[in-house]
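Asks:
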Amino acid sequence: MRHNLRVTLGEWVRAAAARLAEAGIESAHLEAQVLAATALQRPRAWIVAHPEQAIDEGALETLLARRLSREPLAYIVGWREFYGREFLVSPAVLIPRQETETLVEAALETLPSLGGAGLRVLDIGSGSGCVALTLAIERPDCEVVALDLSTDAAEIARQNAAKLGVMSVEFVVGDLFEPLAARRFDLIVTNPPYVSPSDELPPEVFEFEPPQALFSVPTGLEFFERLALEAPSHLVPGGVLLTEIGDGQAERVSALFEEKGWNRVVRQRDLSGTVRVLGFRFRGPA
């Protein structure tokens, strides 16, 4: 790629896209446009509309180098869209994924069966707050608590709450139910760590996203074990636990919960057709 002050924006985007594609990055042309938009602090539509604009490559090349190192695009630009809204992200939080919108949809479909206004919802492992804040926006009549082990993640979630104008969500930091004492909820939702260290992951995930939000050692099922054992003390009678699961985990997770006294009441697929969310109601010791 040329390094001078008279390269045009269109030339830079084409050359950057070629380098991204050569590195094995999908949607290379789109990502090159997004990197240019971020560096120049312009909308992507402006990048598309001004290919003849002369630019200084310096700032663009800095961002391109980060992406070529396989740093996730969301961390470079600082945000990711989730459920139609922009959420701030940093390496302290898992990047929101489209499949996790299935968890939100399952929660919104489940809440009406649990009662009327004032339902209490707990989001475990809230990260950026994308699930908790989305539920608070979609169901402002609910009381939502966002819980995460990381103080840095909780700070990002608070920033997202301020950005979205959501003042009602309570943010709690701690290990699973420990900071909640005897509090009980009508609905618990969670996107827990469910990746086994033996699972193959792209470098964007393995090298950059927070491992405590990804991995459950050694099998990928350990966090589900804790949920199955500890969640009954924090659900009201008839309350429901909804959890995201990994590819191919549906039967193993269902069996684990059922062995510990739960009935499966939700089995929801994501847009790819993969079973992504399971829901359980505690019936009592098996």
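In the UniProt record's numbering, the protein residues as written are 1 to 286.
Every residue, glycine too, gets a C-beta built ideally from N, C-alpha and C.
Everything numeric in this text was worked out from a predicted model, so none of it was measured.
Assuming contact is defined by CB atoms lying nearer than 9 Å, are L242 and F282 in contact in what I supplied?
Replies: Contact flag unset, no.
Asks: Please specify which runs of the beta strand (DSSP E), each continuous and at least 3 residues long, are wholly inside the segment 231-275, giving them in chain order.
Replies: 235-244 and 262-269
Asks: Ignore the nearest five residues each way along the sequence and tell me which others in K260's own chain have a CB closer than 6 Å to its CB.
Replies: A228
Asks: Please look up how many angstroms separate the CB atoms of V172 and C142, rounded, as I've assumed it's under 8 Å.
Replies: V172 to C142, Cβ: 16 Å. No contact.
Asks: State the Cα-Cα distance for the pair V7 and S69, rounded to the nearest angstrom.
Replies: 23 Å
Asks: Please say whether G125 and D186 have beta carbons closer to each other than 9 Å?
Replies: no
Asks: Within 10 angstroms of the Cβ of L35, are there 16 or more other Cβ atoms? Answer buried if so, exposed if not.
Replies: It is buried - the Cβ of L35 has at least 16 other Cβ atoms within 10 Å.
Asks: Nearest-angstrom Cα distance between E222 and D175?
Replies: CA-CA distance, E222 to D175, rounds to 14 Å.
Asks: For E245 and P285, I'd like the C-alpha separation in whole angstroms.
Replies: Checking the sequence shown, residue 245 turns out to be Ile, not Glu. Rounded to the nearest angstrom, the gap between the Cα atoms of I245 and P285 is 23 Å.
Asks: Helix, strand or coil: which one does DSSP assign to I25?
Replies: coil
Asks: With a Cβ-Cβ cutoff of 9 Å, do F224 and S216 count as a contact?
Replies: yes
Asks: Just the C-alpha distance for A39 and F280, rounded to the nearest angstrom, thanks.
Replies: 46 Å
Asks: Using only the alpha-carbon positions, how far apart do R269 and G248 sit?
Replies: 12 Å
Asks: Mind checking who E143 pairs with in its DSSP beta bridge?
Replies: R120
Asks: What first and last residue would you give for the alpha helix (DSSP H) that runs through T151?
Replies: Segment T151 to L164, the alpha helix (DSSP H) holding T151.
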